[in-house]
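Participant:
Protein chains in written order, with the numbering used here: chain A, 2 to 398; chain B, 232 to 490; chain C, 176 to 498.
1) Spell out the partners DSSP gives residue 411 (chain C) in its beta bridges.
2) Would you list the one or two residues that DSSP bridges to residue 459 (chain B)?
3) What does the Cβ neighbour count give for residue 344 (chain C), buried or exposed, with the cut at 16 atoms within 10 Å?
4) Distance cutoff 8 Å, beta carbons only. Does residue 469 (chain C) sit that close to anything in chain A?
5) Rounded to the nearest angstrom, how far is the Cβ of residue 188 (chain C) from that of residue 452 (chain C), given a contact under 8 Å?
6) Against chain C, does residue 379 (chain A) count as a neighbour if the rule is that its beta carbon must be under 8 Å from one of theirs?
7) Using a Cβ-Cβ distance under 8 Å, would residue 347 (chain B) count as near chain A?
8) Note the first and the last residue of the continuous beta strand (DSSP E) segment covering residue 289 (chain B).
9) Are the beta-carbon atoms belonging to residue 376 (chain C) and residue 426 (chain C) less than 8 Å from one another?
10) Which partner residues does residue 406 (chain B) have in the DSSP bridge list?
11) Am I right that residue 439 (chain C) and residue 431 (chain C) are in contact with their C-beta atoms under 8 Å? What's the rounded C-beta distance?
12) Check each residue of the region 78-102 of chain A: if its Cβ is closer than 9 Å to any Cβ of chain C, include it; give the result in chain order.
13) Would you call the region 146-160 of chain A and the region 265-274 of chain A in contact, with 3 or more CB pairs under 8 Å?
14) Interface residues of chain B around residue 238 (chain A) at Cβ under 9 Å?
15) Quick one: is residue 488 (chain B) near chain A, going by C-beta distance under 8 Å?
16) Which of helix, strand or coil does DSSP assign to residue 228 (chain A)?
17) For a quick check, are the C-beta atoms of residue 289 (chain C) and residue 386 (chain A) less than 8 Å apart?
18) Assign residue 241 (chain B) to one of three DSSP states: helix, strand, or coil.
19) Does the CB of residue 208 (chain C) have a neighbour CB from chain A at under 8 Å?
20) How big is the Cα-Cα spacing for residue 303 (chain C) and residue 244 (chain A)?
21) Mapping DSSP to helix, strand and coil, what is residue 296 (chain B)?
22) Can you check whether the CB of residue 358 (chain A) is closer than 8 Å to the CB of residue 311 (chain C)?
23) Which residues share a DSSP beta bridge with residue 312 (chain B)?
24) Would you list the one or two residues that DSSP bridges to residue 247 (chain B)?
25) Assuming residue 242 (chain C) contacts residue 400 (chain C) (C-beta within less than 8 Å), just tell me the rounded distance between them.
26) Say whether chain A places a C-beta atom closer than 8 Å to the C-beta of residue 405 (chain C).
27) Relative to the alpha-carbon of residue 172 (chain A), which residue among C:449, C:292, C:305 and C:308 has its alpha-carbon at the smallest distance?
28) If residue 264 (chain A) sits next to residue 95 (chain A), beta carbons under 8 Å apart, how far is it from one beta carbon to the other, in whole angstroms?
29) At a cut-off of 7 Å, would you count residue 331 (chain B) as near the ligand ZN, judging by its Cβ distance to the nearest heavy atom?
30) Please report whether the beta-carbon of residue 293 (chain B) lies at a distance below 8 Å from any beta-carbon of chain A.
31) Residues of the region 183-204 of chain A in Cβ contact with chain C at a cutoff of 8 Å, in chain order, please.
32) Closer than 9 Å, Cβ to any Cβ of chain A: which residues of the region 256-282 of chain C, in chain order?
33) By the 9 Å beta-carbon criterion, what residues does the region 363-379 of chain A contribute toward chain C?
34) Closest Cβ-Cβ distance between residue 360 (chain A) and chain C: below 8 Å?
35) Hey, does residue 493 (chain C) have any beta-carbon neighbour from chain A nearer than 8 Å?
36) Using a threshold of 8 Å, state whether the C-beta atoms of residue 273 (chain B) and residue 438 (chain B) are closer than that.
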């Protein structure tokens, strides 16, 4: 009862506070915290889901109305949640450490970027491109399919590799995709190289929604579908077969798990989530180039999965949220705050902050954040913040 | 025709011949394979379950060749096994371990899972009930939701048996199922196996070092030494065979063998 | 196609390939030694390598500001810088092992690998942080020593700089020293014993932890030497420029047969030559359709193909795989 009241109050107050202080990062973090609290608190399920629905469907877009940047952050969080859930299948469930995961995101993004921009005319000739914005919806599925196919193509040659060798080969594969994206502007100009592709078409929005809100809702919808798919896979013979492969590949084979098919399915399923979000990402950004698809991104998604807990769906969601918010808000917020202090001429212990070297930009230390997360989690809590809970089966009572 | 028949099975590792032209056949009941350390017993199991390929020879099950088939295909045909050094899925629960064993009996695709089709619901209910029944059969019904690695040693051995049974095998291969058990536990396990043979019409092949168990429970005993079959027959006959006695007294070594 | 041109640049490309190859070989030693002992990919070795380059440049800049850079004879400067780079990287490698790997030695295999990836990223930004605060710049340029830039014209199309000779000579010296340590000293015997069987080695009275630290020290020092030579040869370094050479060197180690010290040298040379030739000839041979950038794809393709089809590498050390 107390927790119920607390959850309602926290959600309401924090949302109100965001409306009053639309520029305060701390207040927005409080709002995010209230969502987490509502999810974890011991409250009736109907209340939990109403609170979450209210926060995500009503309050968040309303906050976005006051400060579009928060909506952008929320959309980015959605994109990374889907990526983390996809990687979670490959790494968390099937135990295949994929260090080139962002390649699938790239494949999805380029599949729409090329035909959704005039760039396709360069490749195919004629004047029929860009495709009309409505094709975007079809390409959500095309991106998903192309990424899944890429997943299978990557999976086939690496089937025999385990553990760290698999990790290094997938890393190499991710780099190959990036180098290709950078250099396939000749002999035929597929990707336009480092210059990237722009402008990428956006779909017409229903009900005249602004694009910020539109992409937020679309990302949220995809995330909901992805979570549902993930749960169903996990609680099925497919999910159990993946976990069996992770635990003991040889025993899994001997118990009747078709290794090749299940591994390829894991790669394909994981990749497909990244593919569909890639399509959304390219339309949202209007412009893409290979810089968005580096090894850094792959490790970022890995850090999300590790932080939340390998094999755990709530873990992947939490990890993606925390890491994205750290990078987009906390580091940047710290940078801005420091700049304000510098400009105000504040001194700390007799040291004028204005003397700080100009190259010291706290916003640029994503790698350090990822690195610290990975090392500390491995040493102190390898199972993550929300460890995968053994699922109780209803039949067993 | 036999249910299961191996003829002239030969396996070499580099210059070492691990198995040399071994013949072996099973129809029903419990057959044991015994022999000193390094005689090639586990190698034989690995060939029978598709983990190794044979260099020469034929292996047929229900008149179909199993050589060249993948382990999961062989399991689907109806042969399943346990491992000498227990290979459970350590971080999965007992019932999940058993459910993995049913994998080859679940004919559902990705779409059934994603759409929760009626077939999927029916199957999930049925396999869960069957998994529980199997756990009950081996006496682990109370441990269904315990994580496998937390189970005591004897329970893990029995869980591995339940997992193997889950694939509905007609032929069950057990690699030293009583290793590490007390004489009492071993006896209980053998009664369980006898019951399985009687109720399900299973054929079982045992690799066993506990001679008392072997002599009590086996219908047929095959003796391997240095990769060759040196004797076979009813337990009593084998026990009195001079070549067998020589092989055991001559080469027995105290350390544990490797798989 | 200009055949004369293709033949004409051949010796120069060969020389470039050899220099690159020795660089890879030196870095690859760090991967291969650690793998030999722990069966673990020290992912952070690429940063341990680049830290050597940064320690080197700091020492040189320090000497420069003290007015000693041109005052001391250039071989003395080089030795000083090399020793400092090796010490810095070696000690860093030991620290990293102690902090981030040792607590995880008995964990499932992917756990220390992920920790190593974390260390790699952490170190990249630590270098950046340090240099940003210290020099307000993290893209640093090695000060030039005039003597090193002297060039000898061997033929019309081939000239060789003192710098290149120093790099080749330095690399050869390091490899020889390592060979002597591993094969001719008691410590080397202990390292090989631990690599063979840790439990048995410890029963024989070898302090396994000490030997593992020592392995990291030696491997790190080799990486540090490579870092200094890298800086001397190519001039410009930044905190992130260790990553790709590190990955290539790992490829070289796998190519030669990971865990195998002569294999790392062979693998390094082969990869260096392949890359140099790809970089120079690919564009010429395909009429500009595929440029030098594809040398990276070549390296990664080699890595993937070797791991899939010949995981024991060229020299045939069997890779022990634990699932």
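Every residue gets a Cβ at the ideal spot worked out from N, C-alpha and C, and that includes glycine.
Facilitator: Quick answer:
1) C:316
2) Note: residue 459 (chain B) is bridge-paired with B:456 in the DSSP secondary-structure output.
3) exposed
4) yes
5) 6 Å
6) Judged by the 8 Å Cβ criterion, residue 379 (chain A) is in contact with chain C.
7) yes
8) 287-292
9) no
10) B:438
11) 5 Å
12) 92, 96, 98 and 100
13) yes
14) 330, 331, 333, 334, 337, 339, 344, 354, 355 and 358
15) Any answer about residue 488 (chain B) is weak, because its pLDDT of 44 lies below 50 and its placement is not dependable; what the coordinates show is given next. No - not a single Cβ of chain A is within 8 Å of the one on residue 488 (chain B).
16) helix
17) No, Cβ-Cβ distance for residue 289 (chain C) and residue 386 (chain A) is not below 8 Å.
18) Three-state result, residue 241 (chain B): strand.
19) no
20) 40 Å
21) strand
22) Result yes, Cβ atoms of residue 311 (chain C) and residue 358 (chain A) sit closer than 8 Å.
23) B:404
24) B:244
25) Incorrect: roughly 26 Å between the Cβ atoms, too far for contact.
26) The Cβ of residue 405 (chain C) sits no closer than 8 Å to any Cβ of chain A.
27) Among C:449, C:292, C:305 and C:308, the Cα nearest to that of residue 172 (chain A) belongs to C:292.
28) Correct: roughly 7 Å between the Cβ atoms.
29) Ligands are entirely absent from the displayed structure, and the ligand ZN is therefore not among its contents.
30) no
31) Those residues of the region 183-204 of chain A that come within reach of chain C (Cβ to Cβ, closer than 8 Å) are 183, 184, 187 and 188.
32) 274, 275, 278, 279 and 282
33) 365, 366, 367, 368, 369, 370, 371, 372, 373, 374, 375, 376, 377, 378 and 379
34) yes
35) No answer about residue 493 (chain C) holds up, because its pLDDT of 47 lies below 50 and its placement is not dependable.
36) yes
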